[in-house]
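Mature numbering (1 follows the signal peptide of the UniProt record, and there is no 0) puts the sequence shown at residues -41 to -1, 1 to 208.
Worksheet: the structure to be examined is printed underneath.
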Amino acid sequence: MHKYCVVIYPPSFSPARGSSKTMLPFSTTLLLTATFLLVNADFPTETVTTCEANSVHRLSCETGVINVVTALYGRADNATCSEGKARQETSDTSCPMVSVTASLGNSCNGKRVCEVDSNIVSESNPCPSTSKYLQTKYNCVPATYQVTCEHSLAHLQCDEGQVLSIYYANYGRHDRHTCIYTRPPPQIQKTDCSQLVTEQVSDRCNGKNSCIIRAGNSVFGDPCLGTYKYLDVSYGCLYSTITEGDTQL
């Protein structure tokens, strides 16, 4: 089992009397940056390659959630995705591999399964006459995944001594089998209803030991009228250990 420890600054910290621990300012950006920098080095890396003709680029984790390490689009050799291609389409191995790590990370980080169109993931088209491919390296980060139906309260909780780090949060509907009990068919048919709310949930919950947030339009707005929605969140619990002198990273 892989383990990791992150030193962060929670928004409030009440040290025991006589303790050398002290309160320091908390930064959401610092927390998320520290989390992903450390987990990149500790977990096995998977590689997925999708040829230009096959538009669906799929990443998935059986356990944990996706953390994109690198994503490159172009051609670095003449063997990858060469089947059925004319020689001139694969011979230019100097075609620059364009980094699309940020774009793919924004789409996939924190999810258990992610599918993107490999043909539109890059805004540029290096070497137009060359057949290209999208190659992503990612790892699966341990996380708690929780779904809360509309109008209900999501209870996010860490063990004592740990604080929340939100990896991903979405409010809407992207399937027809989640939160369907007693719901009429018209309320669960629309599955392209999606609103990324990671920032809102992070602002409310990061750095806290526990957090309660309502899955509702009053909190996140209504991305699709008439559809019964749900909030799905993935988060980690990080150890918070701060002592005097630990003021620099």
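Positions of the beta carbon are idealized from the N, C-alpha and C atoms, including for glycine.
Remember, it's a predicted structure, so these values are computed and weren't measured experimentally.
Secondary structure, alpha helix (DSSP H): runs of 4+ residues fully inside the stretch 36 to 64: 46 to 49
Taking C-alpha atoms, which residue in His16, Ser153 and Ile171 lies nearest to Val80? His16
Closest by CA to Ser53, which one among Arg71, Thr89 and Cys20? Thr89
Between Cys108 and the rest of its own chain, which residues show a CB-CB distance below 7 Å, the 5 nearest in sequence each way excluded? Cys138, Ala174 and Tyr189
Taking the Cβ atom as the reference point for each residue, do Leu115 and Val192 lie within a distance shorter than 8 Å? yes
In the DSSP assignment, find the alpha helix (DSSP H) that holds Arg132 and state where it starts and stops. Element bounds for Arg132: not the alpha helix (DSSP H) but the beta strand (DSSP E), Gln121 to Arg132.
What residues are listed by DSSP as bridge partners for Ile171? His114
Quick one, are the C-beta atoms of Leu123 and Ile171 less than 8 Å apart? no
From which residue to which residue does the beta strand (DSSP E) around Thr157 run? Premise fails: Thr157 lies in the alpha helix (DSSP H), Thr157 to Cys164, not in any beta strand (DSSP E).
Pick out whichever of Gln146, Asn168, Gly180 and Thr141 has its Cα sitting closest to the Cα of Val156. Gly180
What residue from Ala45, Ala38 and Gly195 has the CA that sits closest to Asn165's CA? Gly195
For Gly23 and Val106, which I take to be in contact (beta-carbon distance under 8 Å), what is that distance rounded to the nearest angstrom? No, Gly23 and Val106 are not in contact; Cβ-Cβ is about 16 Å, not under 8 Å.
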